[in-house]
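Heads up: the sequence shown begins at 141 in my numbering, then just goes up one per residue. Where is the CB? At the ideal position from N, CA and C, for every residue including glycine. Computed from a predicted structure; not experimentally measured. Below is one structure, written out as structure tokens; the observations come after it.
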Amino acid sequence: MTMKREDWLAALQRLAGPVLDTAAEGRLRAAMTLERRPGSEVARNGRTYKRECFSPFEAVARLICGLSPWLSLAPDALDQQERRLQEKASALAARAIAQQLAPDSDDCAGFSELNFDHSPLLVNAAFLALALVRSKRWCMTLPHEVRDALLGAFQSARSCLPPQSNWLLFSCMLEAGIRLLGGDADRLRVDYGFRQFDRWYLGDGIYGDGAQFAADYYNSYVIQPMLLALCDSFPDVAGELHGAIRARARTCGEHLERMIAPDGSFPALGRSITYRCGAFHLLAALALRGELPPALSIGGVREALGRTICTTLAPESYRADGFLSIGLRGSQPELGEHYITTGSLYLCATAFLPMGLGPEDPFWTAPAADWTQKRLWK
141 MTMKREDWLA
151 ALQRLAGPVL
161 DTAAEGRLRA
171 AMTLERRPGS
181 EVARNGRTYK
191 RECFSPFEAV
201 ARLICGLSPW
211 LSLAPDALDQ
221 QERRLQEKAS
231 ALAARAIAQQ
241 LAPDSDDCAG
251 FSELNFDHSP
261 LLVNAAFLAL
271 ALVRSKRWCM
281 TLPHEVRDAL
291 LGAFQSARSC
301 LPPQSNWLLF
311 SCMLEAGIRL
321 LGGDADRLRV
331 DYGFRQFDRW
341 YLGDGIYGDG
351 AQFAADYYNS
361 YVIQPMLLAL
371 CDSFPDVAGE
381 LHGAIRARAR
391 TCGEHLERMI
401 APDGSFPALG
411 RSITYRCGAF
421 HLLAALALRG
431 ELPPALSIGG
441 VREALGRTIC
451 TTLAPESYRA
461 DGFLSIGLRG
471 SQPELGEHYI
481 TTGSLYLCAT
491 AFLPMGLGPE
501 DPFWTAPAAD
511 WTQKRLWK
């Protein structure tokens with residue numbers, strides 16, 4: 141079955157609706173009953189915080205990370221129905237961010253209270269910064285007070301110390317968000333991130349997550365999309381690494397396309413597999429940027445991504461309350477690591493990044509084509 145743009149839009153609306161509708165009113169914490177593995181608490185200075193403290197901000201930041209390019213599209217590029225949906229989603233997303241940052245909100249993320257080493261706040265502040273950097277037009281439509289609060293939150297999250305892994309890029313993305321919002325970015329942090337990951341490059345489009353190889357999708361979940369965005373934000377810092385980072389991303393994107401089976405399934409490898417179609421964050425980002433590998437057809441990538449969305453976000457993947465359940469397809473709570481809660485799952489929204497391309501873009505107008513695995517296994 142071919143997924144048209146309106147099918148992608150319907151799938152995105154189903155994913156986003158329960159989060160945005162409740163988060164915009166400051167009710168997400170109350171409305172989103174959390175699934176999580178027992179023992180998933182976070183310790184700080186002798187105190188223990190349950191993941192419930194962080195999950196609403198996770199859901200908002202990760203959802204908007206996938207949604208923001210669509211919100212940034214010029215309205216006159218859309219038909220009347222999609223324009224209305226975009227206008228509504230944009231208003232809800234802005235209010236959802238405001239609720240996360242308002243001290244008197246029941247959903248307040250609590251940047252001033254909960255900053256500590258390895259904090260989930262650092263991770264999700266970085267995903268929100270990535271959303272804004274990708275969608276500067278929409279970022280500038282946010283009310284001044286919301287942008288000021290975001291700047292303060294990003295600056296506050298600097299106190300979180302990242303481990304030597306993909307988390308280094310979360311600290312770097314904060315600096316990109318700070319620069320975008322008018323603050324003074326720490327270029328040394330960004331330079332360190334670029335140079336560490338260049339040292340950790342293993343070849344054939346793959347970086348280590350730290351010094352070691354990890355058989356998972358973190359090159360796509362985090363590493364390569366953030367490196368590309370940091371090159372855009374800090375071309376002066378990336379310098380001679382810019383071309384290599386883009387070339388490596390295209391190679392990795394080609395590998396990702398070849399992992400998508402004819403039915404839209406893909407190998408369930410490594411950590412965080414409950415991010416579902418978010419495993420193809422990098423491939424979706426390359427499509428959004430117009431930088432797909434030459435070996436891939438645009439129509440084939442569109443069909444492949446659409447099929448993974450259909451497969452992993454099937455109706456049985458949603459709970460009766462409209463929120464996602466932990467799993468790769470349907471409810472599979474045993475797949476959730478200790479850091480996974482209901483809010484974490486919304487990184488799957490990054491598969492929808494091509495919605496930020498207008499309806500007349502070749503991504504949507506190119507003839508449907510078989511992707512690699514579908515073509516090979518016919």
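Rounded to whole angstroms, the Cβ separation of leucine 426 and glycine 393 is 5 Å, and the two are in contact under 8 Å.
In its chain, beyond the 5 residues on either side, Leu149 and Gln153 have a beta carbon closer than 8 Å to the beta carbon of leucine 225. For tyrosine 357, the secondary structure class from DSSP, reduced to helix, strand or coil, is coil. Using a 10 angstroms sphere on the CB of proline 434, the tally of other CB atoms stays under 16, which defines it as exposed. Within the model, the alpha-carbon separation for proline 260 versus glutamine 240 is close to 14 Å. In this structure, the alpha-carbon of alanine 444 lies about 21 Å from that of leucine 485. Beta-bridge partners assigned by DSSP to isoleucine 346: Gly343. Contact between valine 286 and leucine 320 does not hold, since their C-beta atoms are separated by about 13 Å, which reaches or exceeds 8 Å. For threonine 512, the enclosing alpha helix (DSSP H) stretches over residues 512–516. In the three-state DSSP reduction, arginine 447 falls in the helix class (H, G or I). Annotation: the continuous alpha helix (DSSP H) that includes isoleucine 204 extends over 195–211. Judged by DSSP in its simplified three-state form, threonine 173 adopts coil rather than helix or strand. Bounds of the alpha helix (DSSP H) holding cysteine 392 are 381–398.
Alanine 249 places its beta carbon less than 8 Å from that of phenylalanine 197. The way I'd put it, the segment 301–321 does touch the segment 264–271; three or more beta-carbon pairs between them come closer than 8 Å. Taking the Cα positions, leucine 497 is about 27 Å away from glycine 462.
By the C-beta density criterion, glutamate 227 is exposed, having fewer than 16 other C-beta atoms within 10 angstroms. The beta-carbon distance between leucine 203 and alanine 156, rounded to whole angstroms, is 6 Å. This is short enough to meet the 8 Å contact definition. Around the beta carbon of alanine 387, fewer than 16 other beta carbons sit within 10 angstroms, so the residue counts as exposed.
The DSSP-derived three-state label of tyrosine 479 is coil. Rounded to the nearest angstrom, the gap between the Cα atoms of tyrosine 341 and glycine 348 is 6 Å.
The straight-line gap separating the alpha-carbon atoms of leucine 218 and arginine 145 is approximately 11 Å. Taking one beta carbon from each stretch, the segment 445–455 and the segment 394–414 have 3 or more pairs nearer than 8 Å; the two touch.
Here the segment 473–491 makes contact with the segment 410–417; the two share three or more CB pairs at distances below 8 Å.
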